[in-house]
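Going down the list, the sequences are from chains A and B. So in this note's numbering, spot 160 of the first sequence is number 160, and the numbers just go up one at a time. To convert, take the position in the second sequence, counting from 1, and add 167; that gives this note's numbering. Heads up: the structure comes next, in structure tokens.
2 protein chains.
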Amino acid sequence: MSYGQIHETVKELARRVTEAGFDPDVIVAIGTGGFIPARILKTFINRPIYAVGISYYGLDNLPKATPQTIQWIDEVERKLSGKRVLVVDEVDDSRVTLEYCLKELLRHRPTEIAVVVLHNKNKEKRGHLPEEIRHYFAGRETEDLWICYPWDAEDIALHEDQARATV
Amino acid sequence: MSYGQIHETVKELARRVTEAGFDPDVIVAIGTGGFIPARILKTFINRPIYAVGISYYGLDNLPKATPQTIQWIDEVERKLSGKRVLVVDEVDDSRVTLEYCLKELLRHRPTEIAVVVLHNKNKEKRGHLPEEIRHYFAGRETEDLWICYPWDAEDIALHEDQARATV
Numbered sequence: 001m002s003y004g005q006i007h008e009t010v011k012e013l014a015r016r017v018t019e020a021g022f023d024p025d026v027i028v029a030i031g032t033g034g035f036i037p038a039r040i041l042k043t044f045i046n047r048p049i050y051a052v053g054i055s056y057y058g059l060d061n062l063p064k065a066t067p068q069t070i071q072w073i074d075e076v077e078r079k080l081s082g083k084r085v086l087v088v089d090e091v092d093d094s095r096v097t098l099e100y101c102l103k104e105l106l107r108h109r110p111t112e113i114a115v116v117v118l119h120n121k122n123k124e125k126r127g128h129l130p131e132e133i134r135h136y137f138a139g140r141e142t143e144d145l146w147i148c149y150p151w152d153a154e155d156i157a158l159h160e161d162q163a164r165a166t167v
Numbered sequence: 168m169s170y171g172q173i174h175e176t177v178k179e180l181a182r183r184v185t186e187a188g189f190d191p192d193v194i195v196a197i198g199t200g201g202f203i204p205a206r207i208l209k210t211f212i213n214r215p216i217y218a219v220g221i222s223y224y225g226l227d228n229l230p231k232a233t234p235q236t237i238q239w240i241d242e243v244e245r246k247l248s249g250k251r252v253l254v255v256d257e258v259d260d261s262r263v264t265l266e267y268c269l270k271e272l273l274r275h276r277p278t279e280i281a282v283v284v285l286h287n288k289n290k291e292k293r294g295h296l297p298e299e300i301r302h303y304f305a306g307r308e309t310e311d312l313w314i315c316y317p318w319d320a321e322d323i324a325l326h327e328d329q330a331r332a333t334v
């Protein structure tokens, strides 16, 4: 996907979140994949962004035994308790990272948590959405293929050309 | 600037950081403007990203009396002490936010801090770089004008067309 396609997808997700009546107090970006979607989302739903870093894949791109926390929210109880939280990530793959993150966030008694992801891969999920999650928005449903995000491109001009060619 | 131009600028900044011999242990993204540059930078310099949220402008786009911390790094001493830190932001404007952030980070005794920004505005700076900062890289030097970043675009197709037209 090109940057422009990502931007349009996020804009559409913001519209769907708003139409569903979910008005967040804060955005939580799951890093590092959620950083760029979350920052674009802020243009359309202007709320403070808290970033958390969760790594489920090692440098070899293979999943680890459990997700590891790179960064968590400081003074998390004060920031989340009684708040409506919109969690943003780039891709819902095995759902393990998402479940881990949502369960950790739910411990701090937010009023509600909604989830937006750019892509949901249609596959058997090893992680599960906690029952407290009533709003879940995926920009696109995809097959279980590797998604080439523009921010990972070594050669962005080539990437953008290829993204345009595969629309 | 288009997303493609931002991506190219970050790639070039990564090359300059590497050529200067600065090999960071961690990246610190100053949010929310630094989130997108930092995530792109990670493609070229693959290190963990810690995000901090600092807001110096209110919803009216006017500067506040002092920068406000939206989020800070949890367990910051353990994460920064003895580390080489690469701080990333989108624009060095008045330099007040940057000075505030660098002084806070320096309290935790990193080995060294280097700074990269996409744009440095050539103007009288009210903030100053602490003397400990020996490496500072700006992708572009600009006049004191409002910079239209792609992530702020309501209409990304229009923005990208305009960015191409003004190269």
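Don't be surprised by glycine CBs; every beta carbon is placed ideally from N, CA and C.
Let me know the secondary structure DSSP gives residue i once reduced to three states.
i: Thr-233(B); result: strand
i: Asp-176(B); result: The sequence shown places Thr at residue 176(B), not Asp. Of the three classes helix, strand and coil, the one that applies to Thr-176(B) here is helix, per DSSP.
i: Ile-45(A); result: coil
i: Leu-325(B); result: helix
i: Tyr-267(B); result: helix
i: Glu-143(A); result: coil
i: Glu-244(B); result: helix
i: Asp-25(A); result: coil
For residue i, tell me which candidate among the options has the shortest Cα-Cα distance.
i: Asn-289(B); options: His-275(B), Arg-262(B), Leu-273(B) and Glu-279(B); result: Arg-262(B)
i: His-128(A); options: Arg-16(A), Tyr-149(A), Lys-103(A) and Ala-138(A); result: Lys-103(A)
i: Ile-237(B); options: Glu-75(A), Arg-107(A) and Lys-125(A); result: Glu-75(A)
i: Glu-154(A); options: Asn-228(B), Met-168(B) and Thr-210(B); result: Thr-210(B)
Rounding to the nearest angstrom, what Cα-Cα distance links residue i and residue j in this structure?
i: Leu-342(B); j: Arg-331(B); result: Since the displayed chain B opens at 168 and closes at 334, residue 342(B) lies outside it and no answer follows.
i: Glu-112(A); j: Ile-49(A); result: 16 Å
i: Leu-312(B); j: Leu-98(A); result: 40 Å
i: Ala-187(B); j: Pro-37(A); result: 31 Å
i: Ile-314(B); j: Glu-131(A); result: 43 Å
i: Tyr-56(A); j: Lys-125(A); result: 15 Å
i: Asp-190(B); j: Asp-23(A); result: 42 Å
i: Gly-139(A); j: Arg-301(B); result: 43 Å
i: Leu-105(A); j: Leu-80(A); result: 8 Å
i: Gly-249(B); j: Val-282(B); result: 17 Å
i: Trp-318(B); j: Gly-33(A); result: 15 Å
i: Ile-73(A); j: Trp-239(B); result: 8 Å
i: Val-219(B); j: Pro-277(B); result: 16 Å
i: Gln-162(A); j: Phe-35(A); result: 23 Å
i: Tyr-316(B); j: Ile-194(B); result: 21 Å
i: Gly-58(A); j: Asp-227(B); result: 42 Å
Is it true that the CB of residue j sits closer than 8 Å to the CB of residue i?
i: Asn-287(B); j: Asp-256(B); result: no
i: Val-117(A); j: Cys-101(A); result: no
i: Gly-171(B); j: Glu-8(A); result: no
i: Val-10(A); j: Ile-40(A); result: yes
i: Arg-183(B); j: Phe-304(B); result: yes
i: Pro-63(A); j: Ile-54(A); result: no
i: Ile-45(A); j: Ala-14(A); result: yes
i: Arg-78(A); j: Asp-25(A); result: no
Check: What residues in the segment 307–324 of chain B bring their beta carbon closer than 8 Å to a beta carbon of chain A?
Finding: Pro-317, Trp-318, Asp-319, Ala-320, Glu-321, Ile-323 and Ala-324
| said: Please list, in chain order, the residues of the segment 40–60 of chain A that have any C-beta partner in chain B closer than 7 Å. | reply: Ile-40, Lys-42, Thr-43, Pro-48, Ile-49, Tyr-50, Ala-51 and Gly-53
task: Compile a chain-ordered list of the residues in the segment 169–181 of chain B whose CB is closer than 7 Å to at least one CB of chain A.
output: Tyr-170, Gly-171, His-174 and Glu-175
>> So if I threshold CB-CB distances at 7 Å, which residues from the segment 61–81 of chain A count as touching chain B?
In response: Ile-70, Gln-71, Trp-72, Ile-73 and Asp-74
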